[in-house]
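As structure tokens, the structure follows; a few thoughts come after it.
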Amino acid sequence: MWQCPLCQAPIALTSSVIKCSNNHSFDKAKAGYVNLLPVQFKKSKSPGDDKNMVRARRDFHLQQGYAPLKQKMVALLAQHGHANAQPFVVYDAGCGEGSYLNACVEGLNKQGFNTLGAGSDIAKIAVELAAKAFKNEQFVVASSFDLPLQDESIDAAIQVFAPGSSEQYHRVLKADGLLMTVDPAPQHLIELKALIYDTPEFHKVSGVTRNGFSRISDETLSFTLPLTSETQRIALIKMTPYYWSLPAQKLTHIVQQLNQVTASFSIQLFRKQRSESDD
């Protein structure tokens, strides 16, 4: 399913030496991930989220704060996916530290799917953390706008709080493949925003049109998330961009006051449309 990011020739990440037929070679780290982001494709020395934000997300997910979201993602994929696919390949573009992909793989397997999970992120530190924690999935460093995947090689793509390319998804998904996107809904974390801003603004949900896809599900999942410990509150705040610009005194005040938040997500599911040549 993998391809060389330089020449698009097939590559096997299970080989002891990872090299395409044109002799482009790639290193496999001790943690198990492979760097498929050539240095000439980088726009900065360390692209993507930094170490502190990535680790805060891992800390938060270990406390299962967004468990209802993960359960909903699994339910939608199970409802609309093809369980007879051997295997059912799920790919997370912009996977971060891997929690959403792992939840989908484990959840689908419990529902009778034979699931193969893989993911990529442009942040090397996130991919390293994912690879160390989730040994049953394959992770690579790569751009979501140049996926190192062969054409029509995956059954489902997920994009959670991350940018992505409809053209790339359409290229790598099999016929009738699924694309799931998760974005903040208007009320997401509104209580946190109210403690930061005098006039907090709601998130804006984009009704983006995706060429080559039909939308089969569009819903909002909302729930109240109690924040019962200081550790959980700090982890949640650190996951957001707000933490890094807050004065220490204001941050302390927010941690003391933030006892619960509204978690609200816009979840959209698309199916790749068949072309006339598929008929």
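When we follow full-length UniProt numbering, the leftmost residue of the sequence shown carries the number 1, and every step to the right adds one.
All C-beta atoms in this analysis are idealised placements derived from N, C-alpha and C, irrespective of residue type, glycine included.
Separation of residue j from residue i, as counted between CA atoms
{"i": "G207", "j": "N23", "result": "43 Å"}
{"i": "M73", "j": "E106", "result": "12 Å"}
{"i": "C7", "j": "R271", "result": "28 Å"}
{"i": "I18", "j": "H80", "result": "35 Å"}
{"i": "P87", "j": "L116", "result": "6 Å"}
{"i": "N211", "j": "K124", "result": "30 Å"}
{"i": "G94", "j": "R55", "result": "15 Å"}
{"i": "M1", "j": "E201", "result": "42 Å"}
{"i": "T220", "j": "L76", "result": "13 Å"}
{"i": "L246", "j": "G164", "result": "29 Å"}
{"i": "Q260", "j": "Y243", "result": "17 Å"}
{"i": "C4", "j": "A194", "result": "47 Å"}
{"i": "Q71", "j": "A133", "result": "20 Å"}
Segment limits, beta strand (DSSP E) that includes residue i
{"i": "T262", "result": "260-272"}
{"i": "Y91", "result": "88-93"}
{"i": "L221", "result": "213-226"}
Heavy atom of the ligand FMN within 7 Å of residue i beta-carbon
{"i": "Q187", "result": "Questions concerning the ligand FMN fall outside what the structure shown contains, since it holds no ligand whatsoever."}
Within 8 Å, strictly: CB atoms of residue i and residue j
{"i": "I122", "j": "L192", "result": "no"}
{"i": "E152", "j": "K174", "result": "yes"}
{"i": "V127", "j": "V140", "result": "yes"}
{"i": "Y91", "j": "G65", "result": "no"}
{"i": "T240", "j": "I190", "result": "no"}
Enclosing alpha helix (DSSP H) for residue i [first to last residue]
{"i": "D121", "result": "No alpha helix (DSSP H) holds D121; the beta strand (DSSP E) holding it covers 115-121."}
{"i": "V99", "result": "Note that residue 99 corresponds to Ser in the displayed sequence, not to Val. It spans 99-110 - the alpha helix (DSSP H) in which S99 sits, taken as one unbroken run."}
{"i": "E230", "result": "230-239"}
Review point. At a cut of 8 Å, does the stretch 29-38 reach the stretch 54-63 through at least three beta carbon pairs?
Key: no
Check your understanding: What residue ranges within the stretch 127-173 form continuous alpha helix (DSSP H) runs of no fewer than 4 residues, ordered along the chain?
Key -> 166-172
Check your understanding: Can we say the stretch 167-184 touches the stretch 238-252, given the rule of at least three CB pairs closer than 8 Å?
Key -> no
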